[in-house]
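Participant: The numbering of the sequence shown is the numbering used here, which starts it at 645 and goes up by one.
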Amino acid sequence: MLLLTSSRDALLAPLQSVSGIVEKRHTLPILSNVLIEKLGDTLTLLATDIEIQITTHQISQGGGEDASITVGARKLQDILRALPDGEVSLLLDDKRLTLKAGKSRYNLQTLPAADYPRMQLNTGESLTLRLPQKDFRRQLAQVAYAMAAQDIRYYLNGLLMQVMGTELRLVATDGHRLALSSNTLEEEFQKTEVILPRKTVLELTRQLADSDDPVEIVITGNQACFRFGPIELITKLIDGKFPDYERVIPQGNPKLVTVHRASLLSALQRAAILTNEKFRGLRVVLEAGLLRIISSNAEQEEAQEELEISYSGDSLELGFNVTYLLDVLNNVVTDTVEIHLNEPMSSALFTLPGNEQFKAVVMPMRI
């Protein structure tokens, strides 16, 4: 039975959109599969790991009968990637899916679509907001790096999304650093805050386009749904209390350093080569008109970089994890950054000139 005929790229693109969340090893074998559903002219691909579900709908190019089946997501993706451009056909025969392309032929094992678990979006009270994809993508990029990865404080392994009146605020922290990005909404909403899982945030960062096309965000119960282009992503939310992040943001750091972002980024990248691979620490020495970066390692090797800066205050020496500094500078797009400092063991606050919508806090370390 012919399921569909399509160009390789027209099938590969939606498959790549959904297969990013598929786990390589899972206790349920069917969760390694992608659900392929053909209904009339519409081809639907769906993948889930029980916590997140991604669906994409598109108009099917070729004919074929209505059917649904699940097949190994990674295998199908790898085969399509390896094939040359051209037409591919999917045929369903009993419990096998056959992929034909030119003189190539692949028989793949399937599992019944009826056994595939699907997440249903909660019905009931919900909050819906819309904004350009590029704005939400920028916000995510400005904070995602500060999320914890496998912290016992599970609520840090994600990102706080706050809706307050006409402001959408995203906050992430792993206990050593914090990043905040806000955006202005066109409508006013009641105060709502949820914690998005780390995997969801990384998937959205990967999938959202740098365009003015909208992303629709629906928050309902213990779920959030994101719709953009042909994609719908449903995710469970982290049930927990996010820490009072506003207490962490320094309010009275009197020493203001204005520095060219790209120059500081390059200097830190070079100095990072000779840092200790485990601790990644380096020293930042601040003097009038000069910023000196010094790194060393267990082999007694040392790097020193100097930058001319806009600063006329007292001298100061601090220690930082260079990775944390690089993450901040790599994820903002401005010519200059402002660094607000206080004492040697006080946190550094990064802001952007004339921009109140971004803040990043990096705690110092003893070198």
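Where is the CB? At the ideal position from N, CA and C, for every residue including glycine.
It should be emphasised that the depicted structure is a prediction, and the values quoted were computed from it without experimental measurement.
May I ask you to report which of helix, strand or coil DSSP gives residue 776?
Facilitator: Reading the sequence shown from its first residue, position 132 is the one you call residue 776. It is a strand residue.
Participant: Let me make sure I understand the geometry here. Which of 987, 947, 1004, 988 has the alpha-carbon closest to that of residue 969?
Facilitator: On the sequence shown, residue 969 is found 325 positions in, with the first residue counted as 1. Comparing Cα-Cα distances from residue 969 to each of 987, 947, 1004, 988, the minimum goes to 1004.
Participant: Can you round the beta-carbon distance between residue 689 and residue 728 to whole angstroms, since I take them to be within the 8 Å contact cut?
Facilitator: By one-based count along the sequence shown, residue 689 stands at place 45. By one-based count along the sequence shown, residue 728 stands at place 84. So it is not a contact: roughly 22 Å between Cβ atoms.
Participant: Where DSSP assigns a beta bridge to residue 984, which residues make up the other side?
Facilitator: Counting from one through the sequence shown, the residue named residue 984 turns up at place 340. According to DSSP, which records beta bridges pairwise, residue 984 is partnered with 900, 993.
Participant: Among residues of its own chain, excluding the 5 on either side of residue 991, which ones have a beta-carbon nearer than 6 Å to its beta-carbon?
Facilitator: Taking the sequence shown and counting its residues from 1, one reaches residue 991 at position 347. For residue 991, where only same-chain residues beyond five positions count, the Cβ hits under 6 Å are 894, 1005, 1007.
Participant: Roughly how many angstroms lie between the CA atoms of residue 812 and residue 795, to the nearest whole one?
Facilitator: Working through the sequence shown from its first residue, we reach residue 812 at position 168. Working through the sequence shown from its first residue, we reach residue 795 at position 151. Just so you know, the alpha carbons of residue 812 and residue 795 end up roughly 25 Å apart.
Participant: Between which residues of its own chain and residue 911 is the CB-CB distance below 7 Å, once the five residues before and five after are set aside?
Facilitator: The count along the sequence shown starts at 1 and reaches residue 911 at position 267. Correct list, in chain order: 937, 949, 951.
Participant: Output needed for residue 945: all residues of its chain with C-beta closer than 6 Å, excluding positions within five of it in sequence on either side, in chain order.
Facilitator: The residue given as residue 945 occupies position 301 in the sequence shown. Here the set comprises 918.
Participant: From residue 818 to residue 886, what distance separates their C-alpha atoms?
Facilitator: Reading the sequence shown from its first residue, position 174 is the one you call residue 818. Reading the sequence shown from its first residue, position 242 is the one you call residue 886. Rounded to the nearest angstrom, the two C-alpha atoms are 11 Å apart.
Participant: In the DSSP assignment, find the alpha helix (DSSP H) that holds residue 739 and state where it starts and stops.
Facilitator: Taking the sequence shown and counting its residues from 1, the one referred to as residue 739 is at position 95. Element bounds for residue 739: n/a, residue is neither H nor E.
Participant: Among the residues of its own chain, which have a CB less than 8 Å from the CB of residue 850, if the five just before and after it don't count?
Facilitator: Taking the sequence shown and counting its residues from 1, the one referred to as residue 850 is at position 206. The answer, listed in chain order, is 664.
Participant: Output the distance between the C-alpha atoms of residue 914 and residue 756, rounded to the nearest integer angstrom.
Facilitator: The sequence position of residue 914 within the sequence shown is 270, counting from 1. The sequence position of residue 756 within the sequence shown is 112, counting from 1. Whole-angstrom Cα-Cα distance: 54 Å.
Participant: Who are residue 936's beta bridge partners in DSSP?
Facilitator: What you label residue 936 is simply residue 292 of the sequence shown in a count that begins at 1. DSSP output for residue 936 lists 929, 950 as bridge partner(s).
Participant: Quick check: what's the CA-CA separation for residue 707 versus residue 730?
Facilitator: Here residue 707 corresponds to residue number 63 of the sequence shown, with the count starting at 1. Here residue 730 corresponds to residue number 86 of the sequence shown, with the count starting at 1. Near 16 Å, if we compare the C-alpha coordinates of residue 730 and residue 707.
Participant: Look up residue 744 in the DSSP assignment and give the residues it is bridged to.
Facilitator: Residue 744 sits at position 100 when you count from the first residue of the sequence shown. For residue 744, which the question treats as bridged, DSSP gives the partners 733, 749.
Participant: Out of 820, 925, 993, 774, which has the shortest C-alpha to C-alpha gap to residue 810?
Facilitator: Start at 1 with the first residue of the sequence shown, and residue 810 comes out as number 166. Minimum Cα distance to residue 810 is reached at 774.
Participant: Do you know whose CA, among 685, 760, 883, lies nearest residue 691's CA?
Facilitator: Counting from one through the sequence shown, the residue named residue 691 turns up at place 47. Residue 760 is the option with its Cα nearest to residue 691.
Participant: Just the C-alpha distance for residue 916 and residue 751, rounded to the nearest angstrom, thanks.
Facilitator: On the sequence shown, position 272 is the one that residue 916 refers to. On the sequence shown, position 107 is the one that residue 751 refers to. Approximately 49 Å, taken between the alpha carbons.
Participant: Quick one: give me the first and last residue of the alpha helix (DSSP H) that residue 721 is part of.
Facilitator: Here the question's residue 721 lines up with position 77 in the sequence shown. Counting along the chain, the alpha helix (DSSP H) containing residue 721 begins and ends at 717-726.
Participant: Check for me: the beta strand (DSSP E) holding residue 911 runs from which residue to which?
Facilitator: Translated into positions along the sequence shown, residue 911 becomes position 267. Element bounds for residue 911: not the beta strand (DSSP E) but the alpha helix (DSSP H), 905-916.
Participant: I'd like the span of the alpha helix (DSSP H) that includes residue 764, first residue to last.
Facilitator: What you label residue 764 is simply residue 120 of the sequence shown in a count that begins at 1. No alpha helix (DSSP H) contains residue 764, which DSSP labels as neither H nor E.
Participant: Just to confirm the assignment, what range does the beta strand (DSSP E) spanning residue 792 have?
Facilitator: As a working note, residue 792 is residue 148 in the sequence shown. Counting along the chain, residue 792 falls outside any beta strand (DSSP E), and DSSP gives it neither H nor E.
Participant: Measuring straight from C-alpha to C-alpha, what distance separates residue 723 and residue 820?
Facilitator: Stepping through the sequence shown from its first residue, residue 723 is reached at position 79. Stepping through the sequence shown from its first residue, residue 820 is reached at position 176. If you take the alpha carbons of residue 723 and residue 820, they lie about 42 Å apart.
Participant: Going straight from the alpha carbon of residue 960 to that of residue 988, what length do you get?
Facilitator: Reading the sequence shown from its first residue, position 316 is the one you call residue 960. Reading the sequence shown from its first residue, position 344 is the one you call residue 988. One C-alpha to the other measures close to 7 Å.
Participant: Roughly how many whole angstroms lie between the Cα atoms of residue 889 and residue 864?
Facilitator: Within the sequence shown, residue 889 is the residue found at index 245, counting from 1. Within the sequence shown, residue 864 is the residue found at index 220, counting from 1. Residue 889 and residue 864: Cα-Cα distance of roughly 24 Å.
Participant: Under the three-state reduction of DSSP, which class applies to residue 657: helix, strand or coil?
Facilitator: What you label residue 657 is simply residue 13 of the sequence shown in a count that begins at 1. Three-state DSSP puts residue 657 in a helix.
Participant: Shortest alpha-carbon distance to residue 678 belongs to which of 721, 653, 995, 649?
Facilitator: Position 34 of the sequence shown, counted from the first residue, corresponds to residue 678. Checking every option, the nearest Cα to that of residue 678 belongs to 721.
Participant: Just the C-alpha distance for residue 719 and residue 843, rounded to the nearest angstrom, thanks.
Facilitator: Against the sequence shown, residue 719 aligns to sequence position 75. Against the sequence shown, residue 843 aligns to sequence position 199. Straight-line Cα distance between these residues: approximately 22 Å.
Participant: May I ask you to report which of helix, strand or coil DSSP gives residue 709?
Facilitator: Taking the first residue of the sequence shown as 1, we reach residue 709 at position 65. Here residue 709 sits in coil by DSSP.
Participant: Buried or exposed: residue 604, going by 16 or more other Cβ atoms within 10 Å of its Cβ?
Facilitator: There is no way to answer for residue 604, as the model of the chain reaches only from 645 to 1011.
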